[in-house]
Amino acid sequence: MFNYTFRWNQAFNALPRLLEGALVTLEIALLSMLIGIVIAILLTGCRLSGNRVLSAIARTWVEVARNTPALFQIYMAHFGLGAFGIHLSPYTSLLAGIAFNNAGYLAENFRGALKAIPDTQTRAGRSLGMPPIQAFRLIVMPQMLRIAFLPATNQMVWAILMTSLGVTVGMNTDLAGITQELNARSFRTFEFFAMAAVIYYLIAKAVTLAARALAWRMFRY
Amino acid sequence: MFDTALTWNDMAFLAQGAWMTLMVTAVAVVAGTVMGIVFGVVRYQAGPYWSLPLTFVLDIFRSVPLLIQLVLGNAFQSIARLGWDPFTTSCVILSLYTAAYCTEIVRGGIEAVPATTRRAARSLGMTWRQDMRYIVAPLATRVSLPAWIGLTLGVLKDSSLVLWLGLIELLRASQILVTRLQEPLFILLICGAIYFLISFPIARLGGYLEKRWSPND
Amino acid sequence: MIEIQNVRKSFGQLEVLKGIDLTVNKGEVLTVIGGSGSGKSTLLTCINGLEPIDSGRILIDGTEVHAKSTDLNKLRRKVGIVFQQWNAFPHLTVVENVMLAPRKVLGLPKAEARAIAVKQLSHVGLGEKLDVYPSRLSGGQQQRMAIARALAMSPDYMLFDEVTSALDPQLVGEVLDTLRMLAREGMTMICVTHEMKFAREVSDRVAFFHQGVMMEIAPPAEFFGNPRAPELQKFLSATH
Ligand SMILES: Nc1ncnc2c1ncn2[C@@H]1O[C@H](COP(=O)(O)OP(=O)(O)O)[C@@H](O)[C@H]1O
Ligand SMILES: [Mg+2]
């Protein structure tokens, strides 16, 4: 059945390059999360603002992010913005697409977390003489953080997996991009992509474990 | 309406792409769900310790990018001389991917059935099979359905990645038109609208069922 | 002194307070009884400005609560309130729950805030529970913590809204004892309660609310011994 000889040494020799790619992958995932969190906070604010235009924009963002493929969102950044004369590099398109996606999912996560905290908590803070913003910061926010934390780390893992989509718009410096480039030169597809798979797996596990450890330290109640 | 070079032929081309998306999704969801139910029951019955190998393998499908899985699957079928066409390969990989998520949903659903309910069933003289069939299955389905709908939506979106193996599904069809007609925004917006049209009703149904079947009603 | 002058308040169509007039003097303990929905909680939340009023005035030591120029956050430091649901802050330990407002609202240094918290918690009998999270406390203990939390702001007035109603019967006593202690120490208090025995013992005056109207107010002996309003007679006989 197998007439194929696996040649792993080539793939192992490429390990340093693959790891460089892994760093870029992590970098994009982290940046996309940071941007996503900031936008998600703004979107949540818009949705709660009571302003109809702002909340319609926020709702549309969330629905589009959640109901279309991530790859579609990256294509939008890469090809779609061309209509406005904006031509993003593969790196920027990828980052923009994933950040857009993260923001949508995180906004929904934040809204859920906010809803889960009863009004009576704010009331209790207010009746101790706290102004609204202080009550929010000292009482609501920390409780929100706990509820939103695990879903947010899941989103981080998703962001890492999504970075692999960059290769479809010509990204060639992240883990998937470098793997694809090595593959195109050597045709050792299985070996190279198996290596990449292992690295992705390890990164995903490391992030999950780190997040658990962090949650365990932060949320003792 | 718009000044566009898009013809009805092109729309038919997009529709064919959408049909491919639906086919791949349907196969993956059906096959993945069947496997997910089997694996889920096995995982639950075997307990966390004995099902560790299964858990580990399924976890790989959830921790490695789908795109990489598709490439690996394709490389594997060629190495093993299975002679699969891209459609078959895509369906196989996407089914396993779906099964990996579905297993967790099924296991969660079974675990949500209170032990007391099951003990009551067994104490009425029901066999394990009867207990599973008449008590666990209906209750677990209720609990799992919203998550399963979410999974279906996820697979619908993730099925776009099969374009990497050369299948012309909705997104790839749009991309081909974009390249030919040079109207990226308009065509991609149509593409997004079609995704939306397919997934929005399903999402609504999910939300409705979640509300209707929430445990404390 | 808390002066309530012809206060009216509606939620939409529903008039919940129909012209309340009431003065509570310094050092006085007023208990308020009445059926559910009669407006008792609403009155308390209006007193500390958590709810706006439609007309009338509420004055605390001469400051009008609902005047635009009033700094409510400052005023609320003077008026502690404890709710039926104790609203512990779940993410903070017991001592942190009590320290939070003195530190962040009054701006006290940490050590001083902690000293106050420890003192108040010992006062309500929770000196041993400083560093546990509220989820580990019983309902009665959480409610006493909420009382300590309010007391840590050194308020001049305390409002208690059915603080024992959500508790298991065997836990009611410990919370009532805390209230009795405060009354003995001379705290000015308004207690909404269903505990008639408690009302009889600690109150200087008892008020009866019925459908948004204060039907009767009198010292406990007269209030319970010789109730005049027929609604009150009915209410008292229903609650034996
Ligand atoms: N925020 C609110 N919005 C609308 N109606 C309210 C609100 N708070 C209280 N009410 C209504 O006002 C009436 C009086 O409530 P409340 O003051 O809580 O009564 P009590 O504390 O005497 O039981 C009730 O009919 C209640 O339903
Ligand atoms: Mg009340």
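Protein chains in written order, with the working numbering: chain Z, 1 to 221; chain D, 1001 to 1217; chain X, 2001 to 2240.
From the three backbone atoms N, C-alpha and C, an ideal C-beta is built for every residue, glycine too.
The model shown is predicted, which means the values in this text are computed figures rather than measured ones.
Bridge pairing for Ala2207 (chain X): X:Val2032, X:Ile2217 [DSSP]. Note on geometry: alpha-carbon atoms of Lys2119 (chain X) and Gly45 (chain Z) lie some 40 Å from one another. Residues of chain Z with a Cβ closer than 8 Å to the Cβ of Ile2081 (chain X) are, in chain order, Ser127. Taking a cut-off of 8 Å on C-beta distances, the segment 2076–2091 of chain X touches the segment 113–121 of chain Z, as three or more cross pairs fall below it.
In terms of side-chain proximity, the C-beta atom of Leu2014 (chain X) is found nearer than 7 Å to a non-hydrogen atom of ligand 1. Taking a C-beta cut-off of 9 Å against chain Z, none of the residues of the segment 1092–1111 of chain D qualify.
Listed in chain order, the non-local C-beta contacts of Ser164 (chain Z) below 6 Å within the same chain comprise Ala176, local neighbours out to five positions each way being set aside. Runs of the alpha helix (DSSP H) spanning 4 or more residues and lying entirely within the segment 2131–2168 of chain X occur at 2139–2151, in chain order.
Boundaries of the beta strand (DSSP E) harbouring Asp2021 (chain X): 2014–2024, taken from the DSSP string. In this structure, the C-beta of Gly2056 (chain X) stays at least 7 Å away from each heavy atom of ligand 1. Of all residues in the segment 148–176 of chain Z, none is placed with a Cβ closer than 7 Å to any Cβ belonging to chain X. With 16 or more other Cβ atoms from the protein chains shown falling within 10 Å of its own Cβ, Gln2142 (chain X) counts as buried.
Assigned with DSSP and collapsed to three states, Gln2085 (chain X) falls in coil, not helix or strand.
Interface with chain Z (8 Å Cβ-Cβ cutoff): Ser1199 (chain D) is included.
Below the 8 Å Cβ cutoff, chain Z contributes Leu128, Gly129, Met130, Gln134 as neighbours of Val2105 (chain X), in chain order.
Between the segment 1067–1082 of chain D and the segment 1134–1145 of chain D there are fewer than three inter-stretch CB-CB distances shorter than 8 Å, so the stretches are not counted as touching.
Contacts between Arg217 (chain Z) and chain X, judged by CB atoms closer than 8 Å, are missing: the closest CB pair is about 14 Å apart. Residue state for Thr1152 (chain D) is assigned as helix, using DSSP reduced to three classes. Assignment of beta-bridge partners to Gln2005 (chain X) by DSSP yields X:Arg2057. Cβ contact annotation for Arg146 (chain Z) (same chain, cutoff 7 Å, sequence separation greater than five): Phe219, in chain order. Judged by beta-carbon spacing, Ser186 (chain Z) lies beyond the 8 Å limit of Gln73 (chain Z), meaning their Cβ atoms are not closer than that value. In the three-state scheme derived from DSSP, where H, G and I count as helix and E and B as strand, Ser2122 (chain X) is classed as helix. Annotation for Ser2041 (chain X) indicates a beta carbon within 7 Å of some heavy atom of ligand 1. Inside the segment 1073–1113 of chain D, DSSP marks whole alpha helix (DSSP H) runs of 4 or more residues at positions 1086–1111, from first to last along the chain.
In the three-state reduction of the DSSP assignment, Thr2063 (chain X) falls in the strand class, which pools E and B. DSSP, read as helix, strand or coil, puts Phe110 (chain Z) in helix. Selection D:Thr1152, D:Glu1169, D:Leu1165 evaluated against Tyr1097 (chain D) yields D:Thr1152 as nearest (Cα-Cα). Taken in chain order, the members of the segment 1177–1211 of chain D whose beta-carbon sits within less than 7 Å of a beta-carbon on chain Z are Val1178, Pro1184, Leu1185, Leu1188, Cys1191, Gly1192, Tyr1195, Phe1196, Ser1199, Phe1200, Ala1203.
Inclusion of Gly2037 (chain X) in the 7 Å shell around ligand 1 follows from its C-beta lying nearer than that to a non-hydrogen atom of the ligand. Residues of the same chain with a CB within less than 8 Å of the CB of Leu1188 (chain D), apart from the 5 flanking positions on each side, are Ser1174, Val1178 in chain order. Going by DSSP, Met1035 (chain D) is part of the alpha helix (DSSP H) stretching over 1008–1050. Counting every other CB atom within 10 Å of its CB across the protein chains shown gives Thr2178 (chain X) a total of 16 or more, marking it as buried. Straight-line measurement puts the Cα of Ile2147 (chain X) at about 14 Å from the Cα of Gly2127 (chain X).
Comparing alpha carbon positions, the residue from X:Val2206, X:Ser2154, X:Gly2186 closest to Leu2075 (chain X) is X:Ser2154. Interface residue (Cβ-Cβ distance to chain Z less than 8 Å): Met2099 (chain X) is not classified as such. Using a Cβ-Cβ distance cut-off of 8 Å, the segment 2051–2059 of chain X and the segment 2228–2236 of chain X are not in contact, since fewer than three pairs of beta carbons, one from each stretch, lie closer than that value.
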